[in-house]
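Worksheet: one structure, shown below.
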């Protein structure tokens, strides 16, 4: 398969456009996007003219003579070049390679622009958010580092590469994090060199020569002149730049098309799924589902769409629209009587306190109508315990290699507890934290941070653990309602309530008093079991579909990698580049 045959697959694969741009640049600097012309001037003469210009500037005192980079040996060459090309070092093509000032100047509210890495985007020098310095400091800096139109700037500290052509006549200075590649004016090599410096051939070299640790990496100034550049004749450089510009425009069009398709897909998904979620009856749900089913393959071709469908399933479940009601079910009042009886037993045994009556549920607190036989109830009325955990005195310093599990918010996920990397405390610490002990069939609910609202059911075979202050223990009075209550707590109904009632300036905390007053749609116990079973069935289907879509994306990604490798290493590309335009 050649590039033309697989172009659409490459363009639609995950990160496909990015890979396609990399491929275009890679092929360009291998001479595989353009034809040779025997009349083109050999690149050695181009290098001679650059050397002559450099010599004249040195003689005129406008440039200091520096050492030229080492010759390119056969062992240095990454790959073979077409006839008429040659490998050369970047230092042989530049009049000067230096960097910006090594001291931090005094910044002003206005003055001469002072450019750092953040002001370079690979396309243009951006003055919108830059700092400013005085004319005097600018003059001092520019004695050795004077960027001019046609020169190339390169990021050398932190961000590596991101070469940017100086495309302005505005005077500016640069910081030490930016390298300046001052290019000759007698020949125009800036556009081709800019193309080469951002190609995979050069980015691979940046990775090999970078210095520094895990926090800050850099390109040492002395290593930049040694970078290897595949150099075509000056005439072919112009043809390469023109072909790359053409193909990059096609990539832009594909990117725009993909973005529009994604927006249209999101709009269609939102419209149909919103109608599904707004269904007021089983009949309306059936009609709206028919519309979704008619576009099923189109709607559910992305993992995020499956995620949205799963949220709709949860929403319909807690509204009583996912399974039919059965008039022979014991009334919900029977369940509530069990709850009250159990609470009285615990109070009598001294295992629970008699709380003040919950406030009556106002109509404005109920976001949707319930089916016959259901009731709205406050969460706290269903619980024997609702309380946040605590962190032992000393925090992380008291954790031990093994002992009693200490569950934190990172261990609590909607699908269950994740115990990889769980912390442990000693049995003695555990004994001092009796109020935060976790029991089987408890529900753990995250009440702070980015994971707020995430909750998990503690398995029935669980041994013992405590929880941190970022996790609340939600313990139902009747174990039979645990699975349904977990479903409600992770449903859009409660998750939106969590977002609405967070307390604190950062809106990242949820108080126990607020949580206890959440209103919960409560069906008869038998219907709860049917709802949980149906939701589990549909969520398994969603998980299977999501996995298939993810597998397809992985397959596309592997295919695109193989296609890029094949095209880069083996496929003649002269005819394929015309196919790019046809495919787009």
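Numbering (UniProt numbering), first residue to last: 1 to 584.
Cβ atoms here follow ideal geometry from the backbone N, Cα and C, with glycine treated the same way.
Given the structure is predicted, the values throughout are model-derived calculations rather than measurements.
Local Cβ density within 10 Å of residue i, reported as buried at 16 or more and exposed below that
i           : result
residue 192 : buried
residue 314 : buried
residue 109 : exposed
residue 317 : buried
residue 151 : buried
residue 18  : exposed
residue 523 : buried
residue 145 : buried
residue 249 : exposed
residue 360 : exposed
residue 123 : exposed
residue 88  : buried
residue 406 : buried
residue 298 : exposed
residue 296 : exposed
residue 208 : exposed
residue 206 : buried
residue 137 : buried
residue 264 : exposed
residue 495 : buried
residue 594 : Given a span of 1 to 584 for the chain in the structure shown, any question on residue 594 remains unanswerable.
residue 37  : exposed
residue 67  : exposed
For residue i, three-class secondary structure by DSSP
i           : result
residue 518 : coil
residue 531 : helix
residue 324 : coil
residue 293 : helix
residue 550 : helix
residue 173 : strand
residue 184 : coil
residue 339 : helix
residue 162 : strand
residue 29  : coil
residue 313 : helix
residue 113 : strand
residue 396 : helix
residue 16  : helix
residue 331 : coil
residue 131 : strand
residue 10  : helix
residue 212 : strand
residue 66  : coil
residue 47  : helix
residue 72  : coil
residue 90  : helix
residue 557 : helix
residue 35  : coil
residue 60  : coil
residue 539 : helix
residue 380 : helix
Residue(s) in a DSSP beta bridge with residue i
i           : result
residue 179 : 99 and 154
residue 375 : 522
residue 386 : 474
residue 85  : Answer is none; residue 85 lacks a bridge partner.
residue 108 : 132
residue 370 : None, per the DSSP bridge assignment.
residue 404 : 425
residue 120 : 125
Residue i: CB within 8 Å of a non-hydrogen atom of the ligand NAD
i           : result
residue 314 : The ligand NAD is not among the ligands present in this structure, which contains no ligands whatsoever.
**Study point:** Contact between the stretch 54 to 65 and the stretch 24 to 40 (3+ Cβ pairs under 8 Å)
**Key:** no
Practice item. Output the residue ranges of the alpha helix (DSSP H) runs that lie fully inside the stretch 406 to 485 and measure 4 residues or longer, sorted by chain position. Key: As far as the stretch 406 to 485 is concerned, its whole alpha helix (DSSP H) runs of at least 4 residues are 427 to 432.
Check your understanding: What are the complete alpha helix (DSSP H) segments, minimum 4 residues, inside the stretch 217 to 298?
Key -> 234 to 277 and 282 to 294
Check your understanding: Using 8 Å as the Cβ pair cut-off and three pairs as the minimum, do the stretch 538 to 557 and the stretch 326 to 333 touch?
Key -> no
Check your understanding: Between the stretch 266 to 273 and the stretch 59 to 67, do at least 3 Cβ pairs fall closer than 8 Å?
Key -> no
Check your understanding: Are there three or more Cβ pairs, one per stretch, closer than 8 Å when the stretch 178 to 195 is compared with the stretch 124 to 133?
Key -> no
Check your understanding: Is the number of C-beta pairs between the stretch 461 to 479 and the stretch 420 to 439 that are closer than 8 Å three or more?
Key -> yes
Check your understanding: When the Cβ atoms of the stretch 387 to 407 are set against those of the stretch 364 to 379, are three or more pairs found closer than 8 Å?
Key -> For the pair of segments examined, the stretch 387 to 407 was found not to touch the stretch 364 to 379: the number of CB pairs separated by less than 8 Å stays below three.
Point to revise | Contact the stretch 222 to 234 vs the stretch 33 to 46: 3+ CB pairs below 8 Å | key: yes
Exercise for review: Evaluate contact between the stretch 64 to 74 and the stretch 83 to 97, counting only Cβ atoms and requiring at least three cross-stretch pairs below 8 Å.
Suggested key: yes
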